[in-house]
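Take a look at the structure below.
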Amino acid sequence: MIKWGIIAPGAIANAFAKEVNNTKEGIFSSVYGRNEYRTKEFAKKYNIEKYYTNIDDFLSDDNIDAVYIATPHNYHMNYAKKCIEAKKHILCEKPFSYNFKTGQEVLELAKENNIFIMEALWTLFLPAVNQAKKWIKEGKIGKVKLITANFGFKSEYNVNSRLYNPNLAGGALLDVGIYPILFSNYISNGFPKEIKASAEYTNTNVDESDIINLKYEDGILASLTCSIAVDYIMKMLMKSI
Numbered sequence: 001m002i003k004w005g006i007i008a009p010g011a012i013a014n015a016f017a018k019e020v021n022n023t024k025e026g027i028f029s030s031v032y033g034r035n036e037y038r039t040k041e042f043a044k045k046y047n048i049e050k051y052y053t054n055i056d057d058f059l060s061d062d063n064i065d066a067v068y069i070a071t072p073h074n075y076h077m078n079y080a081k082k083c084i085e086a087k088k089h090i091l092c093e094k095p096f097s098y099n100f101k102t103g104q105e106v107l108e109l110a111k112e113n114n115i116f117i118m119e120a121l122w123t124l125f126l127p128a129v130n131q132a133k134k135w136i137k138e139g140k141i142g143k144v145k146l147i148t149a150n151f152g153f154k155s156e157y158n159v160n161s162r163l164y165n166p167n168l169a170g171g172a173l174l175d176v177g178i179y180p181i182l183f184s185n186y187i188s189n190g191f192p193k194e195i196k197a198s199a200e201y202t203n204t205n206v207d208e209s210d211i212i213n214l215k216y217e218d219g220i221l222a223s224l225t226c227s228i229a230v231d232y233i234m235k236m237l238m239k240s241i
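Using the UniProt record's numbering, the first residue of the sequence shown is number 1, and each one after it goes up by one.
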């Protein structure tokens, strides 16, 4: 039984809390938030025994096995480092980091301290995706040659929202583009050798929509799109020979 602590009782943390309460593998120990009223109400809603408004007090709680980090993107790595230093295992909301260098530093720190750390990306746990991966490995559907995937939704333009604020690591790529990219890399068994991309930017200088073309070592091509300005019928497709 994993005893969970939650950092940031926002919308995505509510979704996480509902699902954990439907399992037999986890229970909530405590929650941390900067706003006392919201944090207290969150704890009450999900029958969480303790709540904190001081991060050091939260991480000093010996009754926490693992921490779910649900803050805006730009805070992920700072809180991850604090959790590692406190010897707490980590499930970090996507995107894991807003850049490669910082992400690598945190991964190395976790490895040095024998701390489990994982990005909360549901794509790899979808039964359909894993079944497709299995069939590809077994050669049942041929050799993959082309991947197309998209993910997007129409959001309200608000310069102060996390989606449109560059200081909160906003933008389509970090918020939803990671889904088709991860799917493409997963199906292709690696990282692309060529990347070509184009984006439409907002007045706040974050990417609103992106088109990404990838080429992998074994010749697989991928055409990916993402947006926070356009509603998509979300699809992940593969073509094989």
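Virtual Cβ for every residue (Gly too), placed ideally from N, Cα, C.
From this set, R38, E25, N54, K143, which residue's C-alpha is nearest D65's C-alpha?
Taking the first residue of the sequence shown as 1, we reach residue 65 at position 65. For the options R38, E25, N54, K143, the alpha carbon positioned closest to that of D65 is the one of E25.
F42 and W4 - do their beta-carbons sit closer together than 7 angstroms?
Position 4 of the sequence shown, counted from the first residue, corresponds to residue 4. Position 42 of the sequence shown, counted from the first residue, corresponds to residue 42. No, Cβ-Cβ distance for W4 and F42 is not below 7 angstroms.
Report the rounded CA-to-CA distance for Y51 versus I212, giving the unit in angstroms.
The residue you call residue 51 lines up with position 51 of the sequence shown. The residue you call residue 212 lines up with position 212 of the sequence shown. Rounded to whole angstroms, Y51 to I212 spans 42 angstroms at the Cα level.
Which runs of the beta strand (DSSP E), 3 residues or longer, sit entirely within the UniProt domain "GFO/IDH/MocA-like oxidoreductase" (130-231)?
144-152, 194-201, 207-215, 221-227
How about L174 and I195: do their beta carbons lie closer than 7 angstroms?
Taking the first residue of the sequence shown as 1, we reach residue 174 at position 174. Taking the first residue of the sequence shown as 1, we reach residue 195 at position 195. No, Cβ-Cβ distance for L174 and I195 is not below 7 angstroms.
Three-state secondary structure (DSSP) at K94?
By 1-based counting over the sequence shown, the position of residue 94 is 94. K94 falls in the coil class under three-state DSSP.
Excluding sequence positions up to five away, which residues of its chain have a Cβ less than 6 angstroms from the Cβ of C83?
Translated into positions along the sequence shown, residue 83 becomes position 83. Correct list, in chain order: V67, I90.
So what does DSSP say about F28, is it helix, strand or coil?
On the sequence shown, residue 28 is found 28 positions in, with the first residue counted as 1. Of the three classes helix, strand and coil, the one that applies to F28 here is strand, per DSSP.
With respect to the beta strand (DSSP E) encompassing I117, which residues constitute its N-terminal and C-terminal limits?
For the purposes of this step, residue 117 is taken as the residue at position 117 of the sequence shown. Where I117 is concerned, the enclosing beta strand (DSSP E) starts and stops at 117-120.
Could you check the C-alpha separation between T102 and L121 for me, to the nearest Å?
On the sequence shown, position 102 is the one that residue 102 refers to. On the sequence shown, position 121 is the one that residue 121 refers to. Looking at the two C-alpha atoms, the distance is approximately 18 angstroms.
Return helix, strand or coil for A8, following the three-state DSSP convention.
As a first step, residue 8 must be located in the sequence shown, where it is residue number 8. Under the three-state reduction of DSSP output, A8 falls in the coil class, being neither helix nor strand.
Under a Cβ-count criterion, where at least 16 other Cβ atoms within 10 Å of its own Cβ denotes burial, should L163 be classed as buried or exposed?
Indexing the sequence shown from 1 puts residue 163 at position 163. So L163 counts as buried.
Would you report the Cα separation of G177 and K87, rounded to the nearest angstrom?
On the sequence shown, residue 177 is found 177 positions in, with the first residue counted as 1. On the sequence shown, residue 87 is found 87 positions in, with the first residue counted as 1. Going from the Cα of G177 to the Cα of K87 covers about 31 angstroms.
Taking all protein chains shown into account, do 16 or more other C-beta atoms lie within 10 angstroms of the C-beta of S198, making it buried, or fewer, making it exposed?
As a first step, residue 198 must be located in the sequence shown, where it is residue number 198. Exposed, by the Cβ-count rule.
Pairs of beta-carbons, one from the segment 216-229 and one from the segment 147-155, closer than 8 angstroms: are there three or more?
With the cut-off at 8 angstroms, the segment 216-229 and the segment 147-155 touch.
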